[in-house]
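Taken in order, the sequence shown gives residues 3 to 360; the numbers are from our numbering. Down below is the structure, laid out as structure tokens.
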Amino acid sequence: MDTVATMRADNASLRKIQSKLVQWELKENPLAPLSATQSDFINRLTDLANGSIPAGSVPSAEGKEHTADEELPASLEKFKQSACVIDSTQNFLSWYNSIDAEILEHFDDVHLEYYEQLRSRTAECDQMLQEIDVSLDSLRQLTQEFNFVSEKTSSLHQASESLLQDQTRLSDTGDEIKKRLKYFTQAENISQRLHNPTFSVSNDTFVDILNTIDDCIEYMRVNPAFSEASAYAVKYRTCLAKATQMMKTYVFGILANATAQVLAPKGPGVPRSLEALDQPKIGDPTADAAFVLFYGKFQASSPRVKRITGLIEDRLDRSPDYEQLLGELHQNYLTQRATVRNNTLRKRDIITNIGNLK
């Protein structure tokens, strides 16, 4: 009875297992669906077990055959070398599980290798990103430093332009100050030159000094509000008085010298008295020489006198001192000519009286 019950139980279990096995590969909702590779591999194992394929060659998944010299998978190599025979479902399932584990173990090798490559590339990209971040930080720092230097350069440029403008303005101001100060700084120099005993009216620089004195006096008159303008105006008027006195003395000396030469002639062939003019005779060389003596002396001195009187006449509208000086020179000229004339008349009267007495 026990043996029958055990057999029934085994048969029931076997039917249940067979039912489960049938349900593994159902087209709809299989319990353990196999991939195409797994199904193909099982079919090749079935053919190998049935003897349809020679033991020396096993077709691979790519349609190529493995020769006897080629290395087989560990499970197949173990099955080949094993003396056991799969004679039960339990043995098949154990062997199948080992094959499936081995397949699963090596199925992802390519993907794991690719995954390792991806991890390596990811690490390289991370390192590259870090280097890029460092480079960007360096670029940002350089940009900040460049902007800082650019701002400083712009500030320096603006400061330089401002300094150049200030320098130009100060230079213009200095030139203007020098231009104004020259009217104040020349007083002492002009005074020293006018009081120099060797300086003469005939000197070429006398005209420039006279022009400077006139300009300075006019500047002081136009700008009376300047500091010490009145004091310097007095100084320049003093210089003008000295210059006019020098011109007066110079012209008076020329006229006096000409008069003296007429009144007391020297040299051979020159008449020693005015008698030749009092009794002129036609063709008498003595009379001609006397005429040249009287009028030629003044004519010879006229260029020097005209030079001074021309300077004075050009400045009559600048100062009344020039008008007064010109009047004095005219008066002196007339005085000198009157002296010659009076002397001539007096000698004529003397000669006439002597003739009457005879």
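Just so you know, even glycine gets a beta-carbon here, dropped at the ideal spot from N, CA and C.
query, result
"Are the beta-carbon atoms belonging to LEU196 and MET249 less than 8 angstroms from one another?", "no"
"Rounded C-beta distance between VAL253 and ILE215? I'm assuming under 8 angstroms.", "In fact, because the Cβ distance is near 18 angstroms, the residues do not count as touching under 8 angstroms."
"From the DSSP output, in three-state form, read off PRO322 for me.", "helix"
"Could you spell out the range, first to last residue, of the alpha helix (DSSP H) harbouring THR124?", "111-187"
"Grouping DSSP H, G and I as helix and E and B as strand, with all else coil, what is GLU1?", "Beyond the ends of the chain as shown, which are 3 and 360, falls residue 1; an answer cannot be given."
"I need the DSSP call for ASN334, collapsed to helix, strand or coil.", "helix"
"By a C-beta neighbour count over all protein chains shown, 10 Å radius and 16 as the cutoff for buried, is GLU67 buried or exposed?", "Note that GLU67 has pLDDT 47, beneath the 50 cutoff, so the model's placement of it is unreliable and no number is given."
"Taking a contact to mean a Cβ-Cβ separation below 8 angstroms, would you say GLU325 touches LEU336 in this structure?", "no"
"For ALA260, is the classification buried or exposed, using 16 other Cβ atoms within 10 angstroms of its Cβ as the cut-off for buried?", "buried"
"Pick from ALA161, THR246, ASP177, CYS218: whose alpha carbon is nearest that of VAL203?", "THR246"
"List the whole-angstrom C-beta distance separating ILE314 from CYS241, where the pair is believed to meet the contact cut-off of C-beta under 8 angstroms.", "Between CYS241 and ILE314 the Cβ distance is about 16 angstroms, and since that is not below 8 angstroms, they are no contact."
"Taking the C-alpha atoms as reference points, what is the distance between LEU183 and PRO305?", "37 angstroms"
"How about ALA189 and TYR238: do their beta carbons lie closer than 8 angstroms?", "yes"
"Between the C-alpha atoms of PHE208 and ARG343, what's the straight-line distance to the nearest angstrom?", "34 angstroms"
"Going by C-alpha distance, which of SER229, PHE300, ASN213, LEU265 is nearest ILE256?", "PHE300"
"For PRO32, name the three-state secondary structure that DSSP assigns.", "coil"
"Using a threshold of 8 angstroms, state whether the C-beta atoms of ALA243 and ASP323 are closer than that.", "yes"
"Short check: CB of ILE19 to CB of THR91, under 8 angstroms?", "yes"
"Out of curiosity, what's the CA-to-CA distance linking THR124 and LEU106?", "26 angstroms"
"Looking at the structure shown, is PRO305 part of a helix, part of a strand, or coil, going by DSSP?", "helix"
"So, for CYS218: in the same chain, excluding its five sequence neighbours on each side, which residues have a beta-carbon less than 7 angstroms away from its beta-carbon?", "TYR185, GLN188, TYR238"
"Where does ASN13 sit, in a helix, a strand or coil, going by DSSP?", "helix"
"Mind checking whether ALA258 and GLN333 have CB atoms under 8 angstroms apart?", "no"
"Which residue marks the beginning of the alpha helix (DSSP H) containing ASP89, and which one marks its end?", "It is not in any alpha helix (DSSP H) - ASP89 carries neither H nor E in the DSSP assignment."
"Is DSSP giving ASN52 helix, strand or coil here?", "helix"
"Under the rule that 16 or more other beta-carbon atoms within 10 Å means buried, what is GLN25, buried or exposed?", "exposed"
"On a CA-only basis, which of SER232, ASN52, VAL264, MET9 is nearest SER303? Give me that one, please.", "VAL264"
"Taking C-alpha atoms, which residue in VAL224, PHE94, ALA11, SER15 lies nearest to ALA2?", "Outside the modelled stretch of the chain, which goes from 3 to 360, sits residue 2, for which no answer is possible."
"Please report the distance separating the alpha-carbon of ASN13 from that of ALA7.", "10 angstroms"
"For ASP206, which of helix, strand or coil comes out of DSSP?", "coil"
"The alpha helix (DSSP H) that contains ALA245, what's its start and end?", "231-265"
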